[in-house]
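To start, the structure under review is shown below, and the notes come after it.
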Amino acid sequence: AQSVTQPDIHITVSEGASLELRCNYSYGATPYLFWYVQSPGQGLQLLLKYFSGDTLVQGIKGFEAEFKRSQSSFNLRKPSVHWSDAAEYFCAVGFGNEKLTFGTGTRLTIIP
Amino acid sequence: DAGITQSPRYKITETGRQVTLMCHQTWSHSYMFWYRQDLGHGLRLIYYSAAADITDKGEVPDGYVVSRSKTENFPLTLESATRSQTSVYFCASGVRDDTEAFFGQGTRLTVV
């Protein structure tokens, strides 16, 4: 069965600084890859997705993610974070007969 | 409004009572899902449905019952609520089960 790991439970970043959230997956083939964001008290919103092709994917809210096959990773990045980016971020993978599987999430705190 | 809606948003119930969480989507997506979100566990799939009258167990189905008589509705019933079922429950829908899912706002359930 596929699995997805988000090694960082909690990350604190200064406003205006760059951000990278890590995501690693375990699967025999390249799965479909997703990043979701969850603001407090809200549902999950899709930030971006990767199916195939260009390994650098652009998403909403200025986020991007890079798929690295050799590292089985799909890290989320943002060059300059805003206070409104404080939220929980989930990486997810899915493929074929493997249903969408979520990581345990990374909570992002932004300090002034 | 188009989208996916859950009701109620908040619910407190007593141990042993039956409680039903409602989920309604207007996209006519084939797939619908129920997840529970708990600290340290991320999102775990409870049940899912591929179409009306087709349901299947996810990762943590014990203590839950689902039905799907209409494509747009996917209620989740806790037959005899236990404290361990205190959680935030999310309903989601999608075109497939291995690609992006669209989430409702969640129901925060407390079992006392």
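Quick note, the sequences are listed as chains U and F, same order. If you count the first sequence from 1, position 28 lands on 555 in the working numbering, and the numbers rise without skipping. If you count the second sequence from 1, position 54 lands on 55 in the working numbering, and the numbers rise without skipping. All residues carry an ideal CB built from backbone N, CA and C; glycine is no exception. Only a predicted model underlies this, so the values are computations on that prediction, with no experimental measurement involved.
Check, Outcome
"CB of F561 of chain U within 8 Å of CB of L44 of chain F, strictly", "no"
"Three or more C-beta pairs below 8 Å linking the region 600-618 of chain U and the region 571-590 of chain U", "yes"
"Length at least 3, wholly inside the region 553-615 of chain U: the beta strand (DSSP E) runs in chain order", "559-565, 571-577, 583-585, 591-595 and 600-605"
"Cβ contact check for the region 614-621 of chain U and the region 71-79 of chain F: 3 or more pairs under 8 Å", "no"
"R84 of chain F - DSSP class collapsed to helix/strand/coil", "helix"
"Length of the line joining the Cα atoms of D54 of chain F and C24 of chain F", "15 Å"
"Positions along the region 75-105 of chain F whose CB lies within less than 7 Å of some CB in chain U", "F91, D98, D99, T100, E101, A102, F104 and G105"
"Enclosing beta strand (DSSP E) for H25 of chain F [first to last residue]", "V20 to Q26"
"Under 7 Å from the C-beta of F629 of chain U: neighbouring residues of chain F", "G43 and L44"
"Residue-chain proximity (Y48 of chain F, chain U), Cβ-Cβ < 8 Å", "no"
"The region 568-580 of chain U: positions lying closer than 7 Å to chain F by Cβ", "Q569, G570, L571, L573 and K576"
"Contacts around S29 of chain F, its chain only, beta-carbon distance under 8 Å, and the 5 residues preceding and following it disregarded", "T72 and E73"
"Close-in-space but distant-in-sequence residues of the same chain around F601 of chain U (CB under 6 Å, 5 per side omitted)", "C550, L560, A592 and F594"
"Within-8 Å CB hit, G17 of chain F to chain U", "no"
"Touching by the beta-carbon criterion (3+ pairs, under 8 Å), the region 56-68 of chain F and the region 104-111 of chain F", "no"
"Residues from the region 604-621 of chain U in contact with chain F, defined by Cβ distance under 7 Å", "F617 and G621"
"Partner residues on chain F for Y559 of chain U, Cβ-Cβ distance less than 7 Å", "D99 and T100"
"Span separating the alpha-carbon of V112 of chain F from that of D581 of chain U", "47 Å"
"Partners in chain U for G107 of chain F, counting only beta-carbon separations shorter than 7 Å", "G570"
"Any chain F beta carbon closer than 8 Å to E625 of chain U", "yes"
"T78 of chain F to F617 of chain U span [Cα, whole Å]", "26 Å"
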